[in-house]
Every structure is written in C-alpha cells, then in structure tokens.
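Notes follow once the structure below has been shown.
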Amino acid sequence: MLQKKNAVLVDGVILNGPIMDSQAGEQFVEEACKIIMEEVIRKADDVTEKVCEWQAPETLKEILDLEMRDTGESHQKLLQLCRDVIQYSVKTSHPRFFNQLYAGIDYYSLVARFITEALNPSVYTYEVSPVFLLVEEAVIKKMIEFIGWEEGDGIFNPGGSVSNMYAMNLARYKFFPEIKEKGLSGLPRLVLFTSEECHYSMKKAASFLGIGTENVYFIKTDERGKMIPEELEKQVQRARKEGSAPFLVCATAGTTVLGAFDPLDKIADICEKHGLWLHVDASWGGSALVSRKHCRLLHGIHRADSVAWNPHKMLLAGIQCCALLVKDNSGLLKNCYSAKAAYLFQQDKFYDVSYDTGDKSIQCSRRPDAFKFWLMWKALGTTGLEERVNRALALARYLVEEIKKREGFQLLLEPEYANVCFWYIPPSLRKMEDGPEFWQKLHQVAPIIKERMMKKGSMMLGYQPHQGKVNFFRQVVISPQVSREDMDFLLDEIELLAKDL
Numbered sequence: 020m021l022q023k024k025n026a027v028l029v030d031g032v033i034l035n036g037p038i039m040d041s042q043a044g045e046q047f048v049e050e051a052c053k054i055i056m057e058e059v060i061r062k063a064d065d066v067t068e069k070v071c072e073w074q075a076p077e078t079l080k081e082i083l084d085l086e087m088r089d090t091g092e093s094h095q096k097l098l099q100l101c102r103d104v105i106q107y108s109v110k111t112s113h114p115r116f117f118n119q120l121y122a123g124i125d126y127y128s129l130v131a132r133f134i135t136e137a138l139n140p141s142v143y144t145y146e147v148s149p150v151f152l153l154v155e156e157a158v159i160k161k162m163i164e165f166i167g168w169e170e171g172d173g174i175f176n177p178g179g180s181v182s183n184m185y186a187m188n189l190a191r192y193k194f195f196p197e198i199k200e201k202g203l204s205g206l207p208r209l210v211l212f213t214s215e216e217c218h219y220s221m222k223k224a225a226s227f228l229g230i231g232t233e234n235v236y237f238i239k240t241d242e243r244g245k246m247i248p249e250e251l252e253k254q255v256q257r258a259r260k261e262g263s264a265p266f267l268v269c270a271t272a273g274t275t276v277l278g279a280f281d282p283l284d285k286i287a288d289i290c291e292k293h294g295l296w297l298h299v300d301a302s303w304g305g306s307a308l309v310s311r312k313h314c315r316l317l318h319g320i321h322r323a324d325s326v327a328w329n330p331h332k333m334l335l336a337g338i339q340c341c342a343l344l345v346k347d348n349s350g351l352l353k354n355c356y357s358a359k360a361a362y363l364f365q366q367d368k369f370y371d372v373s374y375d376t377g378d379k380s381i382q383c384s385r386r387p388d389a390f391k392f393w394l395m396w397k398a399l400g401t402t403g404l405e406e407r408v409n410r411a412l413a414l415a416r417y418l419v420e421e422i423k424k425r426e427g428f429q430l431l432l433e434p435e436y437a438n439v440c441f442w443y444i445p446p447s448l449r450k451m452e453d454g455p456e457f458w459q460k461l462h463q464v465a466p467i468i469k470e471r472m473m474k475k476g477s478m479m480l481g482y483q484p485h486q487g488k489v490n491f492f493r494q495v496v497i498s499p500q501v502s503r504e505d506m507d508f509l510l511d512e513i514e515l516l517a518k519d520l
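Each residue of the sequence shown is one higher than the one before, counting from 20 in this note's numbering.
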C-alpha cells in the first residue's frame, strides 16, 4: 500500500490523491449493467415488447431532462436517465425491426463491444494496442481470402461511406501520386463512373475530395437496378473524347434499396480495357461471400482493386464494423495516407514497427472494430456465419411467396437478395383504374401506414420513392431472431393498419 503524502497546493488546486470515487463508480457500473441486461438484452427477442415508443421531439426533450448543470446529478437520477434512454430508443434488436440494413443482436459481438469500451483502446501502434492490431490483421487476411485474392491489404473504417471515400482517394493517388504533395492544381479533369443505384456516399466523396459531383458519371441501370456494362463503355469513351481523365469505376454489390448486384465480370473487362481502378461497394452484399450458395451473386469480385464490406449489416457484427480491402500489397494504402508522425511512428522502437499500422488510416484515434467481428466469428465459425446468410435469404423468399398469395400486395420485382420491395394497395384503390390519380393516391399510403406502426410500436418498416416509382415498402431480413411468424405478422399488421384507407 502506497504511503499517502501530504496535500500540496498548485495553481490554486489542492493535489491530494484521486478526485474520483472508484468504489461509487464501480457500483454505478454494476447497477447500470443490470439495467442493460434486464431492459435491453433479455427483452431483445421478445415480440410482445414495443419496437419503439414514439414521442414527438419536444415531448421527448422534456422527458429526458437534457439540460447539463453546474452540479452533477445523483446516481439514482442517472440510473433513471439510463432507463429512460433505453425506453424511448428504437429497439433495433427487436425481431420486428425491419427498417434499416442492420438489425438484431449478436451476443458475442456485444460482449466484444463491452470489452473494448472498458479498455478504451486506440488502434494505431502495437505498443498501445497489441491484441487488437493482431486481431485486425487476422480478420482482414480472412476477408481477403473470401474475396479470392492471394494477398492484399486493408483497414477498418467508421462506415462504408468512409471506405468508399478511401477507395476513391486511393485510386486517384495510384494514377496521380503527386497529388499528395502538390494538390489538385496540376491535375486534368478527373472523372469517375458509378451506377444510378449507387450509394449516395459516392457523390459526397467526390465533393469532399475536390473531384466535384459533376464529374461523377452515373451509368444507367436495367429494370433490376444493375449497371448496364454497354452504357459504362459509352460513358468512358465520352469522357475521353471530352478530354477528361477517367480513373475509377465503382460497382455495387447489393444496392441499398433494391439489393441489386452489378455484373462485376463485365465491368472488370471494361476497367482492364481502359486501365481504370475497379472498386466494389459490397458494404451490404459482401457478406454473401461467406455463403457457398449465394456467393455467386458477387462472381468476379476477385478482379476488383478494392472492396468495401460491412460485417455489421448482414452478419450482425454490431455498428460499426466496416472494412476497406485492397488487392495491392506493396504499401499503396500506407503511402497514400501516411504522415509519418514522429511522436507515434518512431522507426527505432524495440519491436517490429511494421505492426504499427495506424498510418494507413486518415484517423489518428481509431476504434478496434475488427474485434467484435473476430469474437463472433470465433464463436460461430464460418459455417455459423454462412447459416445466417442462407436463413435470411430463405426468409426473404418465404415473404415473397406470401406476398404473391395476398390480395392488395404487389411486388416491385423478384428480389435476388434480402431486400423485398412491395406496394400495399388498400381496399379503396383496388378497383381504381391504373393512371396518374391511382399512383398519386398510392404514393400517400406507405407514409400513413408507417406513422401508424411507429405510434403503435408494433414494428418498423422502411419506405421510399425510387427512380420514378411512388412510395413503396422495403423489407429487409437480417436478424437470426426473426421467424417465419414475424413475416406473417408483418403482412397481417399492414392489412390491419390500412383497413380504413
């Protein structure tokens, strides 16, 4: 036991040991964990619980008492705030949360997040994050194997949008390495190509990187939402005739709304022909690679130069868990992003500094996101991950067949992934003639049903207009807690909520 020294006064502050009460803090953590266990984890798969408890913003502000004061609150007040936060938050682990491209709860991933939150590491050097750097290396290596590359590189990022931006910048650096030091002024007009159905992060990345949104050429898609290779060829030739410098094609494996997979082999042929970098945004669809049955959806992905893949979506690794994987293993990623900060990346350390991988990232502090995927993978094995994908797509197929049987439900198209897009036509519109007035009225149906389900708390289901089509529902199956009965409930509940429309 350390002998306590006398207090000293420095700059008007009395220095007399720690100011934090560890015993009280530990007790607070224990009590808060009990609340999390009872109110979140044990209720995660209980369909009798509400998915959400809707409150208007002004009402919720009053309930939560958001004001931060000069003096701290009591632990009892803080624990009640914890309960309130849980009560009024959307239960994304609920089996009837179908609203986004993530859902459900994986207990192993959750424990991994508890561990990393408690340890509070930052993944940039081996000396401060030895375990998590080795874990990230192992996970990236395994993901690269599933893509079909013999070797490669990669980094975990805060979101697929950031991975796409990394890829865009990396492709530009590959062709114009001088940009890192000299900037944009000496470059030709750069042009990149992506489909009409791409994620909006491509426009954001072009804007952020100074390429400009006008220099993103959107390629036409077919009726299923897939990029048309012949249209890509035309646009590449057009860009060259304009005197521009094409450098990147971004294909999508699993579009956000329709779940479409671009024809990667044909797109890769065009990229090879014109010397373009091929990036595949497989943030949503990449997890099909672990399924021997469904990996055909990404046929040709091994020909990509870079791939974005988010295990926090279909595989439930927990938000956020997103990797950018790069075929090049010569140091391109590090050369593009490194700043060689001497206070972090000293070259005369006593260990192998090749493990100090943080300079491959534009971040300094970086979360150990690979760990939750790793612990889950260790628990389930590849066969367990494969089962999740196969079951989700089988449930989607079940829902499609049920939709076909029911009056009032109409599919937009036959899905090839877990996105099931459909309209619900209420009784009052079923005998109405197909025309502008019909579609105008149908456009108003989904928002009304969505409002009713939210205020009831029975489920959450997304809707949107898209490519000239009026509002329709997009149901996404992900969570292993979802059952066939939940699919039936979804259709029954829509009918119930819309019976008077």
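All C-beta atoms, glycine included, are put in the ideal place defined by N, C-alpha and C.
- Two segments are said to touch when three or more pairs of C-beta atoms, one from each, lie closer than 8 Å; by this definition the stretch 107-126 touches the stretch 331-339.
- Comparing alpha carbon positions, the residue from ALA225, HIS293, ILE159, PHE47 closest to VAL345 is ILE159.
- Here ARG407 is buried. Its C-beta has 16 or more other C-beta atoms within 10 Å.
- Secondary structure of MET506 (DSSP, three-state): helix.
- Under a 10 Å Cβ-count criterion, ALA26 is classified as exposed, with fewer than 16 other Cβ atoms of the shown protein chains found around its own Cβ.
- Looking at LEU418, ILE238, GLY273, LEU448, the one whose alpha-carbon comes closest to that of GLY427 is LEU448.
- Annotated three-state conformation of MET479 is strand, per DSSP.
- Beyond the five residues adjoining it in sequence on each side, PRO140 comes within less than 6 Å, by CB distance, of SER148, PHE151, PRO387 in the same chain, given in chain order.
- Taking C-beta atoms as the reference points, LEU203 and MET187 fail to come closer than 8 Å.
- The Cβ atoms of LEU98 and GLU57 lie no closer than 8 Å to each other.
- With a contact defined as Cβ atoms closer than 8 Å, GLY171 and ASN329 miss out at about 17 Å.
- In the three-state DSSP reduction, TYR121 falls in the coil class, being neither helix nor strand.
- Annotation: the stretch 137-205 contains the following complete segments of the beta strand (DSSP E) (minimum length 3 residues), in chain order: 172-176.
- In this structure, DSSP gives GLN46 a helical state, which the three-state scheme calls helix.
- When secondary structure is reduced to three states using DSSP, LEU97 falls in the helix class.
- C-alpha of GLY487 to C-alpha of SER502: approximately 33 Å in a straight line.
- Residue pairing of SER112 in beta bridges, as defined by DSSP: absent, with no partner found.
- When beta bridges are read from the DSSP output, THR240 appears opposite MET246.
- Three or more beta-carbon pairs separated by less than 8 Å are not found between the stretch 309-320 and the stretch 177-196, which leaves the two stretches without contact.
- Of the residues assessed, ILE82 falls on the exposed side of the cut-off, its CB having fewer than 16 other CB atoms within 10 angstroms.
- Less than 8 Å separates the beta-carbon of VAL495 from that of PHE117.
- Separation of ASP375 and CYS269 (C-alpha to C-alpha, rounded to the nearest whole angstrom) is 30 Å.
- Under the three-state reduction of DSSP output, GLN463 falls in the coil class, being neither helix nor strand.
- Shown here for ASP505: same chain residues with a beta carbon closer than 8 Å to its own, the five before and five after excluded, namely VAL66, PRO114, ARG115 in chain order.
- Considering only ALA517, LYS62, CYS440, the residue with the shortest C-alpha distance to PHE491 is CYS440.
- DSSP, reduced to helix, strand and coil, places HIS298 within a strand of the structure shown.
- For ALA342, the enclosing beta strand (DSSP E) stretches over residues 341-345.
- ASN234 and TRP296 have their alpha carbons spaced roughly 16 Å apart.
- Using a Cβ distance threshold of 8 Å, TYR145 and TYR356 do not count as a contacting pair.
- The C-beta separation of LEU480 from MET472 comes to about 7 Å, placing the pair in contact by the 8 Å criterion.
- Bounds of the alpha helix (DSSP H) holding PRO76 are 76-83.
- Your pair ALA307 and HIS313 checks out as a contact, with CB atoms roughly 4 Å apart and the cut at 8 Å.
- Remark: C-beta atoms of LEU277 and GLU216 approach each other more closely than 8 Å.
- Distance from the CA of GLY262 to the CA of THR232, rounded to the nearest whole angstrom, comes to 17 Å.
- Ranking LYS53, GLN74, HIS94, LEU100 by CA distance to the CA of GLU86 puts LEU100 first.
- As the crow flies, the alpha-carbon of GLU242 is around 40 Å from that of LYS353.
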